[in-house]
Amino acid sequence: MGLEEREEAYSPSSCIGGDYGPFVARYRTMSADARSRIQTWSEHAYGPAPSHRLDLFKPPDAAGHAIPVLVFFHGGYWQELSKDESSFAAPALVGAGAALAAVDYTLAPDASIPEIVDECRRAVGWLHHQADELGIDPRRIVVSGSSAGAHLAAMVALPGWQQAAGLPADLVRAAVLVSGIYDLAPLVGTSIDIPLNLADSEVESMSPARATLDGFPRSLVCWGEVETTRSSKPRAGSLPTA
Numbered sequence: 006m007g008l009e010e011r012e013e014a015y016s017p018s019s020c021i022g023g024d025y026g027p028f029v030a031r032y033r034t035m036s037a038d039a040r041s042r043i044q045t046w047s048e049h050a051y052g053p054a055p056s057h058r059l060d061l062f063k064p065p066d067a068a069g070h071a072i073p074v075l076v077f078f079h080g081g082y083w084q085e086l087s088k089d090e091s092s093f094a095a096p097a098l099v100g101a102g103a104a105l106a107a108v109d110y111t112l113a114p115d116a117s118i119p120e121i122v123d124e125c126r127r128a129v130g131w132l133h134h135q136a137d138e139l140g141i142d143p144r145r146i147v148v149s150g151s152s153a154g155a156h157l158a159a160m161v162a163l164p165g166w167q168q169a170a171g172l173p174a175d176l177v178r179a180a181v182l183v184s185g186i187y188d189l190a191p192l193v194g195t196s197i198d199i200p201l202n203l204a205d206s207e208v209e210s211m212s213p214a215r216a217t218l219d220g221f222p223r224s225l226v227c228w229g230e231v232e233t234t235r236s237s238k239p240r241a242g243s244l245p246t247a
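Here the sequence shown stands for residues 6 to 247, numbered as in this note's numbering.
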């Protein structure tokens with residue numbers, strides 16, 4: 006696939022025939038509505054940087070109960086958006102008796118993809134260690150994300166890093182991956198790559214599609230019917246199903 010084809014294939018606007026700004030605005034409005042409706046939400050620091058923040062939404066009657074939590078990583082090609090557009094699903098999850106953690110992370114070019122992945126892993130590790138205080142079940146952590154966020158969720162779910170961080174190998178119970186980017190190689194040289202500045206070693210180590218999936222948790226891999234050909238569909242067949 007040539008550069009022009011890759012630019013189009015990985016461009017969000019190419020899927021909708023124009024500006025994707027109204028979709029982001031809708032996410033922002035729905036997320037603000039969730040924060041106003043759910044009085045029990047709270048913001049927490051999972052690390053020392055200003056970007057190491059997450060918003061936690063829980064049912065009002067969750068006190069005394071360890072509830073499952075879905076950890077959501079926003080998209081934006083690792084360089085845009087924030088948790089402020091990421092809590093739109095909170096009302097549905099809270100209504101079902103679960104919690105939502107919407108995670109912020111440092112954006113490129115201020116952080117490389119390996120650094121962003123480390124931050125996201127740190128966020129999930131923090132939730133596990135603080136589970137008792139937060140009222141969530143450390144055995145029922147599900148990770149999710151859309152676009153670049155699905156890539157980050159997959160990198161968190163990948164086995165092999167947890168032991169060194171003092172975390173259980175089965176830290177992540179399941180993954181819900183939406184419209185993800187699982188092979189970074191096609192991004193090299195595109196406009197998306199300008200703030201990322203991907204090195205060959207990062208493409209290899211930070212691409213879930215190039216990783217060994219033994220021990221990967223059960224997963225639900227989703228993509229839209231008008232999406233361009235990317236890596237979600239080919240990758241879906243190689244993951245354990247939920």
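All C-beta atoms in this analysis are idealised placements derived from N, C-alpha and C, irrespective of residue type, glycine included.
The structure displayed is predicted, hence computed values, not measured ones.
Output the distance between the C-alpha atoms of residue i and residue j, rounded to the nearest integer angstrom.
i: residue 175; j: residue 143; result: 10 Å
i: residue 55; j: residue 215; result: 32 Å
i: residue 45; j: residue 135; result: 17 Å
i: residue 190; j: residue 118; result: 13 Å
i: residue 59; j: residue 92; result: 10 Å
i: residue 129; j: residue 82; result: 20 Å
i: residue 145; j: residue 133; result: 10 Å
i: residue 88; j: residue 210; result: 26 Å
i: residue 171; j: residue 131; result: 11 Å
i: residue 198; j: residue 10; result: 15 Å
i: residue 100; j: residue 42; result: 12 Å
i: residue 225; j: residue 181; result: 5 Å
i: residue 40; j: residue 139; result: 18 Å
i: residue 31; j: residue 164; result: 35 Å
Decide if residue i is buried, meaning its Cβ has at least 16 other Cβ atoms within 10 Å, or exposed.
i: residue 206; result: exposed
i: residue 167; result: buried
i: residue 26; result: exposed
i: residue 80; result: buried
i: residue 97; result: exposed
How many whole angstroms separate the CB atoms of residue i and residue j, which I take to be in contact at a CB cut-off of 8 Å?
i: residue 169; j: residue 221; result: Contact doesn't hold; Cβ gap of about 18 Å is too wide.
i: residue 90; j: residue 148; result: Their Cβ separation, rounded to whole angstroms, is 18 Å, which puts residue 90 and residue 148 out of contact at 8 Å.
i: residue 203; j: residue 192; result: 6 Å
i: residue 105; j: residue 95; result: 5 Å
i: residue 159; j: residue 213; result: 4 Å
Give me, in chain order, the residues of the same chain whose beta-carbon lies closer than 6 Å to that of residue i; leave out the 5 immediate sequence neighbours on both sides.
i: residue 183; result: 151, 155 and 227
i: residue 157; result: 78, 125 and 150
i: residue 137; result: none
i: residue 208; result: 189 and 190
Distance cutoff 8 Å, beta carbons only. Does residue i sit that close to anything in chain B?
i: residue 228; result: The question asks about chain B, but that chain is absent: this structure has only one protein chain.
Please return the same chain residues whose Cβ sits closer than 7 Å to the Cβ of residue i, not counting the five positions on each side in sequence.
i: residue 110; result: 56, 121, 124 and 125
i: residue 200; result: 84, 113 and 114
i: residue 103; result: 72, 73, 74 and 75
i: residue 194; result: 8
i: residue 47; result: 61
i: residue 141; result: 71, 72, 74, 104 and 132
i: residue 107; result: 59, 60, 77, 88, 91 and 92
i: residue 173; result: 167
Following a CB-centred definition, is residue i positioned closer than 7 Å to any heavy atom of the ligand GTP?
i: residue 91; result: Summarising the ligand content, the structure contains no ligands, and the ligand GTP is consequently not present.
Here's a check: name, in chain order, each residue in its chain whose Cβ is nearer than 8 Å to the Cβ of residue i, leaving out the five neighbours to either side.
i: residue 196; result: 12
i: residue 177; result: 129, 146, 147, 148, 161, 162 and 222
Contact between the region 124-133 and the region 43-51: three or more CB pairs below 8 Å? yes
Does the pairing of the region 34-43 with the region 66-76 give three or more beta-carbon distances under 8 Å? no
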